[in-house]
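Just so we're aligned, residue 3 is where the sequence shown starts under the numbering used here, counting upward by one.
Where is the CB? At the ideal position from N, CA and C, for every residue including glycine.
Bear in mind that the values here come from a model prediction, so they are computed numbers and not experimental data.
Read the structure below first, then the notes.
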Amino acid sequence: MENILSINNISKSYGPVRALNDVSFEVPPGSVFGILGPNGSGKTTLLGILLDVLQADAGTYSWFNNPASSESRRQIGSLLETPNFYHYLSAVDNLKIAAAIKQRGHNDINNVLEKVNLLQRKDSKFQTYSLGMKQRLAIASALLGNPRVLVFDEPTNGLDPAGIAEIRDLIRQLNSEGITIVMASHLLDEVEKVCTHVAILKRGQLLLSGPVNETLRSEDQIEVSAMNLDHLKQVIASMPGIKDIKPVNGSLLLSCDNNILPEQVNKYCIDNSIVLSHLAMKKKSLETKFMELTNN
Ligand code: ADP
């Protein structure tokens, strides 16, 4: 199957700062792919390399399974920073200027305005637009030329809640029309809500990548206790599906496969002649998981 984007062992330093360290992952067609990480984790650097604005020190990447070319570049629309629109010009006139800069015709201006739901307001001056509308116009500009892929850096940064919701809806809608979207974000919540796939970066290092529902699944934990904690630990360690055992305040915190239920743990202990004095299900939030991943 054709990958939209393959990234192979990319590294980049700024002097002593290692911004990216041997990063590899693949973006499948039709995905909304989130590059997630705290500030300073290398997201913008990576997008800059992928869009040929920056050069990697090592590693390669390819769009559409082809070596980089001006032809493949024309199939990528990008929005790395807020474009400079003229405040006193209308949306249409601003897009005419953007089209001229990109050396594209005016034919699809109405079409892109319709896609971002600004056709009704196309003759209003930019300065009368809400923050969400301004960002939607920026996305319209990225859509000029009918790209197969859109690349966004922090697409909802600086927006109010209404603007954030507008952009999320738009990203989902564009994706449902067949456009693959690659977006950098430091917001777990945003990635969880709109992305189908995710790559998590921490200080330039790729921690995990894959489908959101596998990678960002919150993990349940089970807490157990018994008179003889050491013996309990020994017995539980032999139970299939138990991945990790951590002693916490006189109990054991078990990380297990997702289908393991507390009653199965209880039964296993009974079968091994252990009576539990405590058994509880602990929900681990995604935030906790993300924090654990990105802090040490
Ligand atoms: P993010 O987009 O995740 O916030 P960046 O790619 O902007 O991360 O930055 C990654 C690291 O590289 C950070 O430590 C940042 O300070 C450093 N960095 C980014 N751009 C430059 C630059 N032009 N010169 C020196 N260091 C930089």
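| Item | Value |
| --- | --- |
| Backbone CA spacing between residue 99 and residue 216 [nearest angstrom] | 43 Å |
| Which listed residue (240, 247, 290 and 288) has its alpha carbon closest to that of residue 270 | 240 |
| Environment of residue 283 [buried if 16+ CB atoms lie within 10 Å] | exposed |
| Bridge-paired residues (DSSP) for residue 212 | 200 |
| Buried or exposed by the 16-neighbour rule on C-beta atoms within 10 Å, applied to residue 125 | exposed |
| DSSP three-state assignment for residue 273, whether helix, strand or coil | helix |
| Proximity below 8 Å, CB of residue 102 to CB of residue 128 | no |
| Straight-line Cα distance separating residue 48 from residue 36 | 12 Å |
| Test item: CB-CB of residue 153 and residue 228 under 8 Å | no |
| For residue 169, the three-state DSSP class (helix, strand or coil) | helix |
| Residue 155 versus residue 187: straight-line alpha-carbon distance, rounded | 7 Å |
| Counted within 10 angstroms of its Cβ, other Cβ atoms place residue 107 as buried (16 or more) or exposed | exposed |
| CB contact flag (residue 27, residue 209, <8 Å) | no |
| Three-state secondary structure (DSSP) of residue 40 | coil |
| Residue 156 - DSSP class collapsed to helix/strand/coil | coil |
| Buried or exposed (CB count within 10 angstroms, at least 16 for buried), residue 117 | buried |
| Any alpha helix (DSSP H) of 4 or more consecutive residues that is wholly inside the stretch 76 to 152 | 93 to 103, 111 to 117 and 133 to 145 |
| Residue 292, DSSP secondary structure in three states | helix |
| Exposure of residue 46, with buried meaning 16 or more beta-carbon neighbours within 10 Å | buried |
| Simplified DSSP state of residue 232, which is helix, strand or coil | helix |
| Euclidean distance between Cα positions of residue 56 and residue 165 | 30 Å |
| Test item: CB-CB of residue 190 and residue 288 under 8 Å | yes |
| Residue 47 Cβ short of 7 Å to ligand 1 heavy atom set | yes |
| Paired residues, beta bridge with residue 35 - DSSP | 184 and 199 |
| Spatial neighbours of residue 147 in its chain, beta-carbon cut-off 6 Å, leaving aside the 5 residues before and after | 106 |
| Residue 19: CB within 7 Å of a non-hydrogen atom of ligand 1 | yes |
| CA nearest to the CA of residue 97, picked from 59, 111 and 206 | 111 |
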